[in-house]
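In my numbering, the protein residues as written are 159 to 374.
Reading through the structure tokens given below for one structure.
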Ligand code: NHR
Ligand code: GAR
């Protein structure tokens, strides 16, 4: 992050959030950045889905929004290249995936290495991929949760930053379980983002460090 020479006040961490849907995690991050003391600000929100409600949330918060429809590109690589260029236009310090549903190519991930994080709705390394709540219930798992991790080339396998746990109840449906996991997500994601914005969190040699100490 830059330091302004005249005032010695640190510039706020510029965050771009990528979404595909509702954007409740985006909202939690916007709300957390909402006070003047926050070291972070959401400067842009990009969705690959035009109808994503998160775009309205961002608009209501006065944040710049863009939609980039992956279906309009000839290949994954072409979409990722355009996406990377659009993101770089915001000069971000951090790129946050919040319910973003497109797998990102190795060159995209390498370009943003160390400044790209994701929230995944399971206790990784358990249940990578999709339909995590349904799979956890079907397995008779006792606990479930969410994981914030740095994004690396390997899907849902990057270094863990923070996890939140919930108990799976006997009468849980996919829906009731997902709702409790969401509450946890809205607590842990803003926390991880604040750590990064405060300069306390970084990725080094594929290890997530908080205050210089390995997180796992
Ligand atoms: N990209 C890389 N390289 N590494 C990760 O860890 C990533 C990533 C891109 C997205 C989020 C992820 C999740 O938290 C994420 C992590 C989408 C899919 C998927 O299969 C899987 C995992 C995640 C996001 N997407 C389909 C695809 O073909 C499309 C599915 C759809 O549109 O509904 O990209 O779970
Ligand atoms: C969240 O539960 C997030 O963990 C999950 O999508 C939801 C988005 O909710 N992410 C993935 O499944 C990524 N594949 P939101 O749009 O309300 O933040």
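Glycine is no exception: its CB is placed at the ideal position from the N, C-alpha and C atoms.
Predicted, not measured: the structure shown is a model, and the values here were computed from it.
Item: Could you pull out every residue in the same chain whose Cβ sits closer than 6 Å to the Cβ of residue 359, ignoring the five residues on either side in sequence?; Value: 353, 368
Item: Using DSSP bridges, identify the partner residues of residue 284.; Value: None, per the DSSP bridge assignment.
Item: Using the beta carbon as the reference atom, which residues fall closer than 5 Å to any heavy atom of ligand 4, ordered along the chain?; Value: In the structure on display, ligand 4 does not appear, and the ligands it does have are ligand 1 and ligand 2.
Item: Quick one: grab the DSSP three-state call for residue 352.; Value: helix
Item: Cβ of residue 228 within 8 Å of any heavy atom in ligand 2?; Value: no
Item: Is the segment 253 to 263 close to the segment 176 to 185, with three or more CB pairs under 8 Å?; Value: yes
Item: Taking the C-alpha atoms as reference points, what is the distance between residue 236 and residue 269?; Value: 15 Å
Item: Are there 16 or more other CB atoms within 10 angstroms of the CB of residue 232, so buried, or fewer, so exposed?; Value: exposed
Item: Taking 8 Å as the cut-off, is the CB of residue 340 close to at least one heavy atom of ligand 2?; Value: yes
Item: Could you name the residues of the same chain whose beta carbon sits closer than 6 Å to that of residue 344, not counting the 5 residues immediately before and after it, in chain order?; Value: 186
Item: I'd like to know whether the C-beta atoms of residue 349 and residue 320 end up nearer to each other than 9 Å.; Value: yes
Item: When the distance is taken between beta carbons, is residue 213 closer than 9 Å to residue 226?; Value: no
Item: For the beta strand (DSSP E) containing residue 268, list its first residue and its last residue.; Value: From DSSP, residue 268 is part of no beta strand (DSSP E) but of the alpha helix (DSSP H) over 264 to 269.
Item: Check whether the Cβ atoms of residue 210 and residue 175 sit closer than 9 Å, and answer yes or no.; Value: no
Item: Let me check understanding here. Comparing Cα to Cα, which of 230, 332, 293, 346 lies closest to residue 322?; Value: 346
Item: Jot down the residue ranges of each uninterrupted alpha helix (DSSP H) in the segment 295 to 358, minimum 4 residues, whole runs only, in chain order.; Value: 332 to 355
Item: Consider the C-beta atom of residue 336 and the heavy atoms of ligand 2; say whether any pair is separated by less than 8 Å.; Value: yes
Item: Under the three-state reduction of DSSP, which class applies to residue 125: helix, strand or coil?; Value: The chain is shown only over 159 to 374; residue 125 falls outside these bounds and no answer can be derived.
Item: How about residue 173 and residue 207: are their beta carbons less than 9 Å apart?; Value: no
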